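Heads up: the structure comes next, in structure tokens.
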Amino acid sequence: MQLMTARLLLREFVESDWEAVRAYRSDPLYLRYYPWEQSTEREARAFVGQLLAQQQEDPRTKFQFAIIDLADGCLIGNCGLRIKDHPVTDHSREAGAWEADIGYELVSRYWGRGYATEAAHEMLRFGFDEHRLHRISAGCVADNVGSARVLEKIGMRLEGRLREQAFFKGRSWDSLLYEILDREWRAQQSCSLDS
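Residue numbers (my numbering): 319 to 513.
Structure below.
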């Protein structure tokens, strides 16, 4: 499976991607908002192995894509949609999944160029258009202003601040929770087409 945007190819991970994953997950700028200090070969291989196993699940609920910059062909991060196990059984809506969350990671030298926004926007489209979800959420460390801005740019609303939700690197961290409903997404897409 693969998805395309104007500048990005979002494709399934392959085993050899572990080297690129290890490289960006060892970048000090990337590591600021994560509990680990570096990514070892073993950890990078395990992460990619986990993503490969998710590709084989049936029914599949986790979709994590390698982000490839079409301009240079480089793997520059990953993004994903994780469907939560709350099936709809009410006959007023089609049976199926109800909600999911999205996430993304990007090589620091690609920050500030709209790539994360482009990938995250495509995850919303994938969730709402292809999986007919009702609600999609996302979270980020409150100090990570760039990530919060990405979520706001794609139309997600701040639902709340979870105070001191995590403790790593010798301190407590607040998290922000964002969400968007399918009708809000559709209204935004309709407005985009009108302009």
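Even for Gly, the Cβ is constructed at its ideal location relative to N, Cα and C. Note that this is a predicted model, so its numbers are computed, not measured.
**OP:** May I ask which residues mark the beginning and end of the alpha helix (DSSP H) holding MET441?
**Re:** For MET441, the enclosing alpha helix (DSSP H) has its first and last residue at 433–443.
**OP:** Go to LYS380, then tell me how far its beta strand (DSSP E) extends in each direction, as first and last residue.
**Re:** Counting along the chain, the beta strand (DSSP E) containing LYS380 begins and ends at 380–387.
Subject >> Host alpha helix (DSSP H) of SER465 (start-end) >> reply: Its alpha helix (DSSP H) spans residues 463–471.
Original post:
Per DSSP, which one or two residues make a beta bridge with ILE498?
Top reply: Answer is ILE454.
Original post:
Comparing alpha-carbon positions, which option in GLU333, ARG479, ASP387 lies nearest LEU369?
Top reply: Checked all of GLU333, ARG479, ASP387; the closest Cα to LEU369 is GLU333.
Subject >> the region 443–452 in contact with the region 498–508 per 3-pair CB rule at 8 Å >> reply: Yes, the region 443–452 touches the region 498–508.
**OP:** Would you kindly check if the distance between the Cβ of ARG340 and the Cβ of GLU355 is under 9 Å?
**Re:** No, the Cβ-Cβ distance between GLU355 and ARG340 is not below 9 Å.
Original post:
Sorted by chain position, which residues of the same chain lie with C-beta nearer than 7 Å to HIS409's C-beta, five sequence neighbours on each side aside?
Top reply: Residue confidence for HIS409 is low, a pLDDT of 49 falling below 50, so the modelled location carries little weight; the figure read from the coordinates is stated next. Within the same chain, HIS409 has no close Cβ partners at all.
**OP:** Go to ARG400, then tell me how far its beta strand (DSSP E) extends in each direction, as first and last residue.
**Re:** Segment 393–401, the beta strand (DSSP E) holding ARG400.
Subject >> Unbroken alpha helix (DSSP H) run spanning ALA364, endpoints >> reply: That run of the alpha helix (DSSP H) goes 359–373.
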